[in-house]
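Novice: Dropping a structure here in structure tokens format, bear with me for questions.
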């Protein structure tokens, strides 16, 4: 029981996320341990939990604390550090072999698309400028005659606004509506 509890405590205290789950993990640990002790008593003594069973458990825990605890905690701490180191090495290898090349490809594709978009945008601006200039040259002879007739059509355009307002009112409120 002492070994398992110390291993459990060492592993649980090493990870920040597991510290948040400490209460739930402690409850689960003691429930599992109680079920294990009950099962052990069921197999060996027909399920009877006697005072000497508790004494044997306490004696085993005291002997463990006095003899093996330091060695076990050192071993568990070393295993945790070794596991972390292996995980970091594996993570660095995966990052270098898989993630970094994918990110580099993504950056290259993004940069190429960005440059292509910029070039196409400038081509569009040049095309619009040339078309505007060409259309101005093409329609320049037609600009002058229109200006001669413009004063003649201005009164006609001014009446359209009143016409549409009158038509709208007539449609909303017909004169012969009952």
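Residue numbers (full-length UniProt numbering): 1 to 178.
We treat Cβ as the ideally placed atom computed from N, Cα and C, and that holds for glycine.
In angstroms with no decimal places, state the Cα-to-Cα distance between residue 141 and residue 116.
Specialist: Between the alpha carbons of residue 141 and residue 116 lies a gap of roughly 39 angstroms.
Novice: Can you give me the C-alpha to C-alpha distance between residue 5 and residue 93, rounded to a whole angstrom?
Specialist: 34 angstroms
Novice: Out of 37, 74, 76, 47, state which residue places its alpha-carbon closest to the alpha-carbon of residue 58.
Specialist: 37
Novice: Can you give the beta carbon distance from residue 10 to residue 63, rounded, assuming they're within the 8 angstroms contact cut?
Specialist: Taking the Cβ atoms as the reference, residue 10 lies roughly 20 angstroms from residue 63, outside the contact range of under 8 angstroms.
Novice: Going by C-alpha distance, which of 130, 1, 46 is nearest residue 31?
Specialist: 1
Novice: Check residue 21 in the structure and name its three-state DSSP category.
Specialist: coil
Novice: Rounding to the nearest angstrom, what Cα-Cα distance links residue 12 and residue 82 in this structure?
Specialist: When rounded, the distance between both Cα atoms is 16 angstroms.
Novice: Would the beta-carbon of residue 29 fall within 8 angstroms of that of residue 61?
Specialist: no
Novice: Straight-line CA distance for residue 97 to residue 14?
Specialist: 29 angstroms
Novice: If you reduce the DSSP assignment to three classes, tell me which class residue 185 lands in.
Specialist: Since the displayed the chain opens at 1 and closes at 178, residue 185 lies outside it and no answer follows.
Novice: Give me the Cα-Cα distance between residue 24 and residue 118, rounded to the nearest whole angstrom.
Specialist: Distance between the alpha carbons of residue 24 and residue 118: 57 angstroms.
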